[in-house]
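Working notes for the structure below.
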Amino acid sequence: MGQAISLSSRQEDKSETGASPDDGTTQTAEPVTGRSDRDEERVLIVTGFCVVVFTLTAMAVGSGVSVNVDREVLLWFRSAEDTANAWGPAWFEEAAAEVTTLGGYTILSIVVFLTAVSLFLLRRKTAAVFLLSAVVSGSLLSSLAKLFFSRPRPDLVVHMDLTFTSSFPSAHAMVSTFTWLTLAAIATRFVPRRAMRVFVVASAVTIAVLVGLSRVYLGVHWPSDVLAGWAFGGAWAGICWLLANWLGRRLPRHEEFGNADARTDTTETAR
Numbered sequence: 001m002g003q004a005i006s007l008s009s010r011q012e013d014k015s016e017t018g019a020s021p022d023d024g025t026t027q028t029a030e031p032v033t034g035r036s037d038r039d040e041e042r043v044l045i046v047t048g049f050c051v052v053v054f055t056l057t058a059m060a061v062g063s064g065v066s067v068n069v070d071r072e073v074l075l076w077f078r079s080a081e082d083t084a085n086a087w088g089p090a091w092f093e094e095a096a097a098e099v100t101t102l103g104g105y106t107i108l109s110i111v112v113f114l115t116a117v118s119l120f121l122l123r124r125k126t127a128a129v130f131l132l133s134a135v136v137s138g139s140l141l142s143s144l145a146k147l148f149f150s151r152p153r154p155d156l157v158v159h160m161d162l163t164f165t166s167s168f169p170s171a172h173a174m175v176s177t178f179t180w181l182t183l184a185a186i187a188t189r190f191v192p193r194r195a196m197r198v199f200v201v202a203s204a205v206t207i208a209v210l211v212g213l214s215r216v217y218l219g220v221h222w223p224s225d226v227l228a229g230w231a232f233g234g235a236w237a238g239i240c241w242l243l244a245n246w247l248g249r250r251l252p253r254h255e256e257f258g259n260a261d262a263r264t265d266t267t268e269t270a271r
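Just so it is clear: in the sequence shown, position 173 is 173 by UniProt numbering, and no numbers are missing.
Structure, rendered in structure tokens:
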């Protein structure tokens with residue numbers, strides 16, 4: 001038992017400092033967000049796909065090709081008798097309004113701030129900086145994109161939520177996508193089982209999808225706004241992930257982004 005605890009302590013020291021207690025050597029940092037080259041290839045493919053989708057959507061909006069589809073989809077969510085009424089009962093409208101807050105700056109700012117503080121307290125400063133950098137820079141890009149395209153909000157239906165900026169791309173869709181995906185990327189570093197990591201990422205995607213759909217349902221965005229927001233958000237999350245991995249391979253290891261595997265091995269050894 002004493003040998004197991006001693007071995008566990010040495011493993012914990014190694015996972016925290018990146019140095020082996022036996023040979024005194026210092027290892028280079030592992031990728032701070034990924035686990036293998038295969039993961040990096042997948043993220044690169046998805047990021048490229050998102051860039052293509054955003055580019056094509058922006059071209060369709062700029063040329064007017066998306067107008068008819070946007071109108072049909074937006075009206076599909078409204079009553080045929082009265083476009084001021086959204087499809088479904090009153091409680092469904094309330095649910096959509098609540099879901100859309102998951103992509104709003106107020107809720108996301110609170111979640112990101114509390115997560116960053118938690119990471120600092122856990123001595124995962126790299127993860128905290130990664131989170132804050134990705135979210136703040138992405139939010140700035142969202143604002144710049146809106147200023148650049150300056151697309152008017154839908155005028156076909158009554159807006160069921162307050163709006164203050166232009167329409168393209170949807171900030172709720174974009175910001176929720178890269179924020180929840182970035183949070184998921186950090187969370188997966190603390191989860192040892194692959195099935196659970198997949199579930200965490202899938203949950204982030206689900207939230208972003210629901211937020212985007214709620215924006216169309218509430219009548220405050222054209223469908224193409226939301227599609228572009230998803231694509232832009234996914235691309236930005238992927239770019240930040242790849243950049244963090246690239247930097248993680250080249251900087252000396254002072255701390256780990258998260259090391260679920262090391263903790264799992266330590267627990268099993270102690271048993």
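Here a beta-carbon is modelled for each residue, glycine too, at the ideal position from N, C-alpha and C.
So, using beta-carbon positions, are residue i and residue j closer together than 8 angstroms?
{"i": "residue 272", "j": "G229", "result": "Here the chain comprises residues numbered 1 to 271, so residue 272 is not present and cannot be evaluated."}
{"i": "R189", "j": "S167", "result": "no"}
{"i": "R71", "j": "L156", "result": "yes"}
{"i": "S176", "j": "A208", "result": "yes"}
{"i": "F54", "j": "A231", "result": "yes"}
{"i": "V158", "j": "A84", "result": "yes"}
{"i": "residue 272", "j": "E81", "result": "Since the first and last residues shown for the chain are 1 and 271, residue 272 lies out of range."}
{"i": "L119", "j": "A127", "result": "yes"}
{"i": "G233", "j": "F178", "result": "yes"}
{"i": "M160", "j": "A86", "result": "yes"}
What are the boundary residues of the alpha helix (DSSP H) that includes residue i?
{"i": "A145", "result": "125 to 149"}
{"i": "G48", "result": "37 to 63"}
{"i": "G212", "result": "194 to 217"}
{"i": "R71", "result": "67 to 76"}
{"i": "A80", "result": "Per DSSP, A80 belongs to no alpha helix (DSSP H) and is neither H nor E."}
{"i": "M160", "result": "Per DSSP, M160 belongs to no alpha helix (DSSP H) and is neither H nor E."}
{"i": "S118", "result": "105 to 121"}
{"i": "L181", "result": "171 to 188"}
{"i": "T100", "result": "90 to 100"}
Alpha carbon to alpha carbon, how far is residue i from residue j?
{"i": "A97", "j": "V211", "result": "9 angstroms"}
{"i": "S214", "j": "E93", "result": "9 angstroms"}
{"i": "V51", "j": "W222", "result": "19 angstroms"}
{"i": "I107", "j": "R123", "result": "24 angstroms"}
{"i": "L247", "j": "T206", "result": "29 angstroms"}
{"i": "I110", "j": "A60", "result": "35 angstroms"}
{"i": "V129", "j": "W91", "result": "39 angstroms"}
{"i": "R42", "j": "N68", "result": "34 angstroms"}
{"i": "A235", "j": "A116", "result": "22 angstroms"}
{"i": "V112", "j": "A58", "result": "29 angstroms"}
{"i": "H172", "j": "S224", "result": "13 angstroms"}
{"i": "P89", "j": "S79", "result": "11 angstroms"}
{"i": "L132", "j": "V226", "result": "24 angstroms"}
{"i": "F164", "j": "V200", "result": "32 angstroms"}
To the nearest whole angstrom, what separates the beta carbons of residue i and residue j, a pair I think is in contact under 8 angstroms?
{"i": "F77", "j": "Y217", "result": "5 angstroms"}
{"i": "L181", "j": "A202", "result": "Between A202 and L181 the Cβ distance is about 11 angstroms, and since that is not below 8 angstroms, they are no contact."}
{"i": "L74", "j": "G219", "result": "7 angstroms"}
query = Just checking, does the segment 142 to 149 make contact with the segment 196 to 208 on the three C-beta pairs under 8 angstroms criterion?
reply = Counting Cβ pairs under 8 angstroms, fewer than three are found: no touch.
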